[in-house]
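In numbering that gives the first Met the number 0, the protein residues as written are 0 to 280.
Ideal placement from N, C-alpha and C gives every residue a C-beta, glycine not left out.
The structure appears below as structure tokens.
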Amino acid sequence: MTAQLIDGNALSKQLRAEVAVRAAKLTERGITPGLAVILVGENPASQVYVRNKVKACQDAGLHSVLEKYPATLTEAELLARVEALNNDPSIHGILVQLPLPKHIDDHKVIESISPLKDVDGFHVASAGALMVGEPGFKACTPYGCMKMLESIGYDLRGKHAVVIGRSNIVGKPMALMLLQSSATVTVCHSATPDLAYHTRQADVVVAAVGKRNVLTADMVKPGAVVIDVGMNRDDEGKLCGDVDFAGVKEVASWITPVPGGVGPMTITMLLVNTIEAAERL
Ligand code: NAP
């Protein structure tokens, strides 16, 4: 079997076009949806991410402000900027790019963002809302994975989903979203003794680890759906995921590529969350 691709670029294009229509409608009503992105320091990967986010906003007709600060910015100064943006009516979403320099407490900064503008979905209020099934902003990466499953008409009810990774921004919210869709969910992590034992039983595997070849063909049930969140570099320096794509695509029924899979969907869901934030007004 050769798996079909779940194309994150194509799905993003479609969803971003829908965002653009919603943005135009809001703008007609005098509300231009606005996202503020704060970048502290010179992390090269973060610089690329924020550039892509700002460009995606502009392309979809959202107003976007990029605030860049040197790594010497103090925590108090950053908290003051977030507070100002919380009170700025032209800004509907606030994103503080992580990681922050070591002298700044990530958690404190994320908690200082108004939950009404928490378009990354990282605030405890957003995580709690997901936990209890209340409306709130969903973390963009797992939200994007759910949209990818939806796009192939996959019914999760009664299916066994295995999530590899338990971070607060990917693994845990992913598990909760799958659970919400009535999948039976197993969460694996670095202390899981026999990862393959779990993944071989899975109808859906989501790999969110950050290590190449964590999931190989012998670990996948024939016909499973495989979502690869990982972003790594191969020996030639090319972007690759956590999944041994060449091998696993011969076993799975559907698979997401890297690049062109979950990556673009993460930015797309940020736009969706920002438009929702503006529409709630
Ligand atoms: P993270 O915070 O480092 O979490 C990695 C998780 O993997 C941890 O829960 C860890 O377990 C688990 N793990 C490590 N080694 C393992 C192993 N051998 N077997 C099973 N589990 C193992 O990373 P993250 O922020 O969730 O991101 C994960 C990956 O997704 C990274 O490559 C990141 O770059 C990528 N990512 C991509 C996007 C996108 O838009 N495409 C967005 C976000 C993240 P412990 O908890 O026990 O340490």
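Handout entry: Meets three-Cβ-pair contact criterion under 8 Å: the region 163 to 177 and the region 137 to 152
Key = yes
Exercise for the section: Measuring alpha carbon to alpha carbon, tell me which of N212, Q96, D193 and T183 ends up nearest D202. Expected result: As a working note, residue 202 is residue 203 in the sequence shown. Residue T183 is the option with its Cα nearest to D202.
Exercise for the section: Flag this pair as yes or no: are the beta carbons of S125 and R156 separated by less than 8 Å? Expected result: Taking the first residue of the sequence shown as 1, we reach residue 125 at position 126. Taking the first residue of the sequence shown as 1, we reach residue 156 at position 157. Contact: no.
Practice task
Per DSSP, which residues does G92 bridge with? Please list them.
Solution key: Counting from 1 along the sequence shown, the entry for residue 92 is found at position 93. The partner list for G92 (beta bridge, DSSP) reads L34.
Practice task
Over the uninterrupted beta strand (DSSP E) stretch that includes S63, give me the two end residues.
Solution key: Counting from one through the sequence shown, the residue named residue 63 turns up at place 64. From DSSP, the beta strand (DSSP E) with S63 extends over H62 to Y68.
Practice task
For V49, name the three-state secondary structure that DSSP assigns.
Solution key: Residue 49 sits at position 50 when you count from the first residue of the sequence shown. Correct three-state label for V49: helix.
Problem - D104 beta carbon less than 8 Å from that of L97 - result: As a first step, residue 97 is located in the sequence shown; it is residue number 98 there, counting from the start. As a first step, residue 104 is located in the sequence shown; it is residue number 105 there, counting from the start. No, they are not a contact pair.
Exercise for the section: Measure the C-alpha to C-alpha separation of I226 and D217 and round it to an integer number of angstroms. Expected result: On the sequence shown, residue 226 is found 227 positions in, with the first residue counted as 1. On the sequence shown, residue 217 is found 218 positions in, with the first residue counted as 1. If you take the alpha carbons of I226 and D217, they lie about 16 Å apart.
Practice task
Assign G287 to buried or exposed, taking buried as 16 or more other Cβ atoms, counted over all protein chains shown, within 10 Å of its Cβ.
Solution key: Outside the modelled stretch of the chain, which goes from 0 to 280, sits residue 287, for which no answer is possible.
Exercise for the section: Give the secondary structure of D227 by DSSP, where H, G and I count as helix, E and B as strand, and everything else as coil. Expected result: In the sequence shown, residue 227 corresponds to position 228, counting from 1. Strand, per DSSP.
Practice task
State yes or no: is the C-beta of V81 within less than 8 Å of the C-beta of I90?
Solution key: Counted from its first residue, the sequence shown places residue 81 at position 82. Counted from its first residue, the sequence shown places residue 90 at position 91. Against a cut-off of 8 Å, the Cβ pair of I90 and V81 comes out as no contact.
Exercise for the section: Mind checking who C187 pairs with in its DSSP beta bridge? Expected result: Locating residue 187 in the sequence shown gives position 188, counting from the first residue. I163.
Practice task
Please classify I5: does DSSP put it in a helix, a strand, or coil?
Solution key: As a first step, residue 5 must be located in the sequence shown, where it is residue number 6. I5: coil per DSSP, three-state reduction.
Practice task
Pair every Cβ in the region 49 to 65 with every Cβ in the region 237 to 250, then say whether three or more of these pairs are closer than 8 Å.
Solution key: no
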